[in-house]
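Chemist: Counting in our numbering, the sequence shown runs from 1088 upward without gaps. The structure under discussion is supplied below as structure tokens; questions concerning it will follow.
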Amino acid sequence: MSKKRSIITASLLLAAILLSTGLYWHFRGNENQQFENYTRNLFCQEVAGSTISLHYTLKDPSAYGIENTPVTFGSCTADTDVICAAAENALAAVSSFDRSRLSKKNRLTYDVLTDYLTSAREMAPYALYEEPLAPMTGTQAQLPVLLSEYQFYTQADVDTYLELLTKTPEYFHSILEFEQAKSEAGLFMADYSADGIIKECQAFIDMGNDNYLHSSFKDRLDSMELPADKRNAYIETNSEYIRNYIYPAYTELKDGLAALRGTGKNPNGLCHLPEGREYYELTVASETGSSRSIPELQQLTQKQMISDLADMQKILTPVDENVSVSSDLFKTQGASLETSDPAAILSDLEDKLEEHFPKPPKVNTEIKYVQKSMEEYLSPAFYMIPAIDNSTDNVIYINQGHLPDDLSLFTTLAHEGYPGHLYQTTYYAGRKPDPIRNLLNYGGYTEGWATYSEMMSYYYAPITKEQATLMQKNTSVILGLYALADMGIHYEGWTLIEATSFFRSYGITDVDTIEDIYDLIIADPANYLKYYIGYVEFLELKRDAVKQWGKGFSQEKFHKAVLDVGPAPFDVVRERVLGE
1088 MSKKRSIITA SLLLAAILLS TGLYWHFRGN ENQQFENYTR NLFCQEVAGS TISLHYTLKD
1148 PSAYGIENTP VTFGSCTADT DVICAAAENA LAAVSSFDRS RLSKKNRLTY DVLTDYLTSA
1208 REMAPYALYE EPLAPMTGTQ AQLPVLLSEY QFYTQADVDT YLELLTKTPE YFHSILEFEQ
1268 AKSEAGLFMA DYSADGIIKE CQAFIDMGND NYLHSSFKDR LDSMELPADK RNAYIETNSE
1328 YIRNYIYPAY TELKDGLAAL RGTGKNPNGL CHLPEGREYY ELTVASETGS SRSIPELQQL
1388 TQKQMISDLA DMQKILTPVD ENVSVSSDLF KTQGASLETS DPAAILSDLE DKLEEHFPKP
1448 PKVNTEIKYV QKSMEEYLSP AFYMIPAIDN STDNVIYINQ GHLPDDLSLF TTLAHEGYPG
1508 HLYQTTYYAG RKPDPIRNLL NYGGYTEGWA TYSEMMSYYY APITKEQATL MQKNTSVILG
1568 LYALADMGIH YEGWTLIEAT SFFRSYGITD VDTIEDIYDL IIADPANYLK YYIGYVEFLE
1628 LKRDAVKQWG KGFSQEKFHK AVLDVGPAPF DVVRERVLGE
């Protein structure tokens, strides 16, 4: 997965940032210049609303005229009227431009921005259905990592960072107020979800002086030329602020959730809530970028799973009935590859791009490891999206607690690195897109591409083609099962018993594993779908490109066409790639 620059969901940000965009009415002149001025102003307003977003998006905000911004995390809000008004105003501003008079590049930005704002407007009435505290992807999990990677380019950055730490209690208090509003509306999380977040907060607090916010701060100071006394003073202040602001904020959040525990009305899927099915449909559309209905997505998933299982069966069924299948086919999982060094694997994967992908830009990549005490609560790996004006410096985190063998490491680095997130991000940065495009999150495109890359990487690994096919198809099928379970739980209303029956029909029988999957899906609706549906949408697009382009098709041509579009809904991607 990739870490987003913002730690607040899109609709919540819209309420705070986009309200003023409806005031920007332009005089007719050069339509392209006016449109670019508008999107630049929108970008600056949006990115300046949070210090984290600003610093992660721009190394040099002054180059965009952004100066003297308040130090803040932003805040959560449940004011649906404000959110709706913000989205309506923004849409009105965009639609005031004559699309036919825009350049091809600006028409693409217009289409993507219109889709994004339309989705935000549709979801605005459901603001209280959103959950900022989801396991692994919630604020409580992301914030420490984002703080630990907050780069110090100047001494002023250090001062801003330390001031930002002091804002943590008020930010967490706004999240807790949001959770209280959810509780009053009967929309608070299930008890087992609250228990998981409470446990995670306590584990973070228990790290004490061993917390990576201490060590990462010192490491970042080492890159600066500071007098010893100044450096020591900064370190002391950082320790004091972690003790006096960060830990108390997590304690308040933990205690607040414990007080709200038991007020949740629904331990099952979204469809059991009032208008929950409608909200889920909008969430799936937003998360995946696919315009297909839920039944259509279920059919698409089942079709891909049947194809994958058939391919596996072909390998496992010998042509000659007198010949048994080699047991070596099953020895890949858990086996050691030629190297387990992440840097060497990443370099090897980059070399594999030749002739299949556009040439990657030259970048620097640092690989870091998740602190052991937090391995349980973070994803297997994640890529830190760099500032758009500093895309040469990249970081990938590896969670060793979730990577049991070398092949898992290899395919995970393909997902996060080449040809996955790192490659798609830095390649797109080289296209110099309109800055606003970098703030419009399309998880189906980004995570779908990374999953597509991960699947492809099995055939790059030093294993036989048969082993690669079995492992890749098996991984695809498992993701398909998660996708079907997500739709079954949130759209059809499966209980844990029904979900258990579903997984058992596919040979997954461990009750604890199934319950863990169920809990994750309940807490983070459609999260698995953006990976799987995004991946399958790319496969469908690729099949159509092969048919349409015929002999003119090549892997590199297809990949370039997709990457040139950048994050967008799949209808827009399809139109740009195939001209439909």
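Virtual Cβ for every residue (Gly too), placed ideally from N, Cα, C. Owing to the predicted nature of the structure, the values given are computational and were not obtained by experimental measurement.
Determine the direct distance from the alpha carbon of proline 1222 to that of arginine 1653, and round the result to whole angstroms.
Modeler: Checking the displayed sequence, the identity of residue 1653 turns out to be glycine instead of arginine. Spanning the two alpha carbons is a distance of roughly 28 Å.
Chemist: DSSP beta-bridge partners for isoleucine 1454?
Modeler: Paired residues: Ile1483.
Chemist: Please go through the region 1345-1395 and give each complete alpha helix (DSSP H) segment of 4 or more residues, from N-terminal end onward.
Modeler: Fully enclosed alpha helix (DSSP H) runs of 4 or longer: 1363-1375.
Chemist: May I ask you to report which of helix, strand or coil DSSP gives glycine 1109?
Modeler: Model confidence at glycine 1109 stands at a pLDDT of 37, short of 50, so the residue's coordinates are unreliable and nothing is read from them.
Chemist: Suppose the cutoff is 7 Å on Cβ atoms and the five residues either side in sequence are ignored; what does the same chain contact list for serine 1373 look like?
Modeler: The residues are Ser1206, Met1210.
Chemist: In this structure, what does DSSP give as the bridge partners for tyrosine 1197?
Modeler: None; tyrosine 1197 has no bridge partner.
Chemist: Is alanine 1468 helix, strand or coil by DSSP?
Modeler: It is a strand residue.
Chemist: Measure the beta-carbon distance from tryptophan 1536 to phenylalanine 1469 and round it to whole angstroms, keeping in mind my assumption that it falls under 8 Å.
Modeler: About 15 Å; that fails the 8 Å criterion.
Chemist: In angstroms with no decimal places, state the Cα-to-Cα distance between threonine 1156 and methionine 1311.
Modeler: Roughly 24 Å between the two C-alpha positions.
Chemist: Quick one: give me the first and last residue of the alpha helix (DSSP H) that aspartate 1246 is part of.
Modeler: 1242-1252 is the extent of the alpha helix (DSSP H) around aspartate 1246.
Chemist: Which residue spans inside the region 1140-1202 form an unbroken alpha helix (DSSP H) run of at least 4?
Modeler: The region 1140-1202 contains these whole alpha helix (DSSP H) runs: 1167-1182.
Chemist: Quick check: is any heavy atom of the ligand ADP less than 7 Å from the C-beta of serine 1495?
Modeler: With respect to small molecules bound, the structure shown includes none, and the ligand ADP cannot be examined in it.
Chemist: If we ignore side chains and look at the alpha-carbon of each, how far apart do cysteine 1163 and serine 1261 end up?
Modeler: When rounded, the distance between both Cα atoms is 6 Å.
Chemist: Give me the Cβ distance between valine 1158 and glutamate 1250, rounded to the nearest whole Å; I'm assuming they're in contact under 8 Å.
Modeler: Going by Cβ atoms, the distance from valine 1158 to glutamate 1250 rounds to 5 Å, so yes, they are a contact pair.
Chemist: Measure the alpha-carbon distance for threonine 1404 versus aspartate 1398 and round it to whole angstroms.
Modeler: Near 10 Å, if we compare the C-alpha coordinates of aspartate 1398 and threonine 1404.
Chemist: Which ranges does the alpha helix (DSSP H) cover as unbroken runs of at least 4 residues, wholly within the region 1273-1335, from first to last along the chain?
Modeler: Those alpha helix (DSSP H) runs which fall completely within the region 1273-1335 and span 4+ residues are 1278-1293, 1299-1309, 1315-1328.
Chemist: Output yes or no for whether 8 Å exceeds the beta carbon distance between glycine 1343 and leucine 1263.
Modeler: The answer is yes: Cβ separation under 8 Å.
Chemist: Who are the near neighbours of serine 1414 in its chain, counting only those whose CB is closer than 6 Å to its CB and skipping five residues on each side?
Modeler: Summary for serine 1414: the model assigns pLDDT 48, below 50, so the residue's position carries little reliability, and this model does not support an answer.
Chemist: Counting C-beta neighbours from all protein chains within 10 Å, is the total for isoleucine 1393 16 or more, i.e. buried, or is it exposed?
Modeler: Exposed: under 16 other Cβ atoms inside 10 Å.
Chemist: Start and end of the alpha helix (DSSP H) containing asparagine 1128?
Modeler: It spans 1118-1134 - the alpha helix (DSSP H) in which asparagine 1128 sits, taken as one unbroken run.
Chemist: What separation, rounded to the nearest whole angstrom, lies between the Cα atoms of lysine 1401 and leucine 1494?
Modeler: If you take the alpha carbons of lysine 1401 and leucine 1494, they lie about 23 Å apart.
Chemist: State the Cα-Cα distance for the pair valine 1659 and arginine 1630, rounded to the nearest angstrom.
Modeler: Answer to the nearest angstrom: the Cα atoms are 17 Å apart.
Chemist: Please look up how many angstroms separate the CB atoms of alanine 1572 and phenylalanine 1589, rounded, as I've assumed it's under 8 Å.
Modeler: At roughly 6 Å, the Cβ-Cβ gap stays under 8 Å, so alanine 1572 and phenylalanine 1589 are in contact.
Chemist: Using the C-alpha atoms, what's the distance from tyrosine 1578 back to alanine 1165?
Modeler: Alanine 1165 and tyrosine 1578: Cα-Cα distance of roughly 24 Å.
Chemist: Quick one: what does DSSP say arginine 1115 is sitting in, helix, strand or coil?
Modeler: Residue placement at arginine 1115 cannot be trusted, given a pLDDT of 49 that sits under 50; what the coordinates show is reported in the next sentence. Three-state DSSP puts arginine 1115 in coil, outside helix and strand.
Chemist: Where does the unbroken alpha helix (DSSP H) through aspartate 1658 begin, and where does it stop?
Modeler: Counting along the chain, the alpha helix (DSSP H) containing aspartate 1658 begins and ends at 1657-1665.
Chemist: How about lysine 1144 and isoleucine 1475: are their beta carbons less than 8 Å apart?
Modeler: Per the sequence shown, the amino acid found at residue 1144 is threonine instead of lysine. Taking 8 Å as the Cβ cut-off, threonine 1144 and isoleucine 1475 qualify as a contacting pair.
Chemist: Rounding to the nearest angstrom, what Cα-Cα distance links glutamate 1602 and threonine 1587 in this structure?
Modeler: Those two C-alpha atoms are separated by around 8 Å.
Chemist: On a CA-only basis, which of Thr1167, Ile1523, His1359 is nearest lysine 1192? Give me that one, please.
Modeler: The candidate whose alpha carbon is nearest that of lysine 1192 is Ile1523.
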